[in-house]
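One gets the working numbering by counting positions in the sequence shown from 1 and adding 159 to each.
Beta carbons are placed, not taken as given, at the ideal position from N, Cα and C, and that holds for glycine.
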Amino acid sequence: MKEHSFSERLKLRRTAAGLTQRQLAGLSGVKQPLIAAIERGTRVPSDAARSALEQALQV
């Protein structure tokens with residue numbers, strides 16, 4: 160079984176929660192363009208951003 164990258168897991172969990180990137184940005188304090196870049200795999204989140212996203216998605 161393939162292990163999903165953080166970017167793939169982020170998008171899966173966000174969409175499963177029924178959230179847009181903008182809504183997740185509002186909940187997490189992470190800017191929407193950064194969320195988009197993380198989901199595309201073009202940016203790696205800082206530890207703080209990753210933690211904020213995980214908390215917002217209750218991971």
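7 Å Cβ shell around lysine 190 - same chain, five flanking residues per side excluded: Cβ-Cβ distances below 7 Å link lysine 190 to Ala184 in the same chain, with the five nearest sequence neighbours on each side left out; the list follows chain order.
With DSSP as the reference, label arginine 173 as helix, strand or coil. Arginine 173: helix per DSSP, three-state reduction.
In terms of residues, what are the limits of the alpha helix (DSSP H) holding glutamine 217? Where glutamine 217 is concerned, there is no enclosing alpha helix (DSSP H), given that its DSSP letter is neither H nor E.
Through-space distance from leucine 212 to arginine 173, alpha-carbon basis: Going by C-alpha positions, arginine 173 is about 9 Å away from leucine 212.
Ignoring anything shorter than 4 residues or poking outside the stretch 188 to 214, list the alpha helix (DSSP H) runs there in chain order. Positions of the alpha helix (DSSP H) runs, each at least 4 residues long and wholly inside the stretch 188 to 214, are given as 191 to 199 in order along the chain.
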